[in-house]
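Using my numbering, you'd call the opening residue of the sequence shown number 557 and step up by one each time.
Even for Gly, the Cβ is constructed at its ideal location relative to N, Cα and C.
Just so it is clear, the structure is predicted and the values come from calculations on it, not from any experiment.
Notes for the one structure printed next.
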Amino acid sequence: LERALPELQQALSALKQAGGARAVGAGLAEVFQLVEEAWLLPAVGREVAQGLCDAIRLDGGLDLLLRLLQAPELETRVQAARLLEQILVAENRDRVARIGLGVILNLAKEREPVELARSVAGILEHMFKHSEETCQKLVAAGGLD
557 LERALPELQQ
567 ALSALKQAGG
577 ARAVGAGLAE
587 VFQLVEEAWL
597 LPAVGREVAQ
607 GLCDAIRLDG
617 GLDLLLRLLQ
627 APELETRVQA
637 ARLLEQILVA
647 ENRDRVARIG
657 LGVILNLAKE
667 REPVELARSV
677 AGILEHMFKH
687 SEETCQKLVA
697 AGGLD
């Protein structure tokens, strides 16, 4: 975690300062790669990935992802959804349940491209693990449609 955290903070900082869609895409790809590599580490992967997921939330990255899920560029939404699916540990699900369910539900209406629909299905699957109240909200708003 000591090695991955500075890299993550640098990548998040670059993502926050990214000006155009290409820079945002590169930033999302870099953060995704760091998180994905952490999940794949033998023995300590879960601990390292959890630490990175927490750092993303605490550094404002989760809120940024929720904004990027509303971006006009399809590729940005696809990459942001792919990353969000990877970082939905319990505390991040709490945050999304409080401030981002509407964003997720709006995204769930998009059926194309398949990669986006697949990521959104994964996000919804994570969110259904959150709480009974969240499940009720998701079902009432059409999250299973």
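Please report how far the alpha carbon of residue i lies from the alpha carbon of residue j, in whole angstroms.
i: Leu-584; j: Ser-675; result: 14 Å
i: Leu-620; j: Leu-657; result: 14 Å
i: Leu-571; j: Gly-698; result: 32 Å
i: Asp-610; j: Glu-668; result: 30 Å
i: Asp-650; j: Glu-586; result: 25 Å
i: Leu-564; j: Leu-661; result: 28 Å
i: Ala-677; j: Glu-671; result: 10 Å
i: Ala-673; j: Pro-562; result: 32 Å
i: Ser-687; j: Ala-653; result: 9 Å
i: Leu-597; j: Asp-701; result: 36 Å
Quick check on DSSP: helix, strand or coil for residue i?
i: Val-695; result: helix
i: Ser-569; result: helix
i: Arg-602; result: helix
i: His-682; result: helix
i: Gln-635; result: helix
i: Arg-649; result: helix
Tell me, to the nearest whole angstrom, how far the beta carbon of residue i is from that of residue j; I am working on the premise that it is less than 8 Å.
i: Arg-623; j: Phe-588; result: Contact doesn't hold; Cβ gap of about 17 Å is too wide.
Applying the criterion that 16 or more other CB atoms from any shown protein chain within 10 Å of the CB defines a buried residue, is residue i buried or exposed?
i: Ala-594; result: buried
i: Leu-614; result: exposed
i: Leu-640; result: buried
i: Gly-617; result: buried
i: Gln-635; result: buried
If you drop the 5 nearest sequence neighbours on each side, which residues of the same chain put their C-beta closer than 7 Å to that of residue i?
i: Lys-693; result: Leu-657
Once you ignore the five residues that flank residue i on each side, which residues in its own chain have a CB closer than 6 Å to its CB?
i: Leu-680; result: Gly-699
i: Gln-642; result: Val-591
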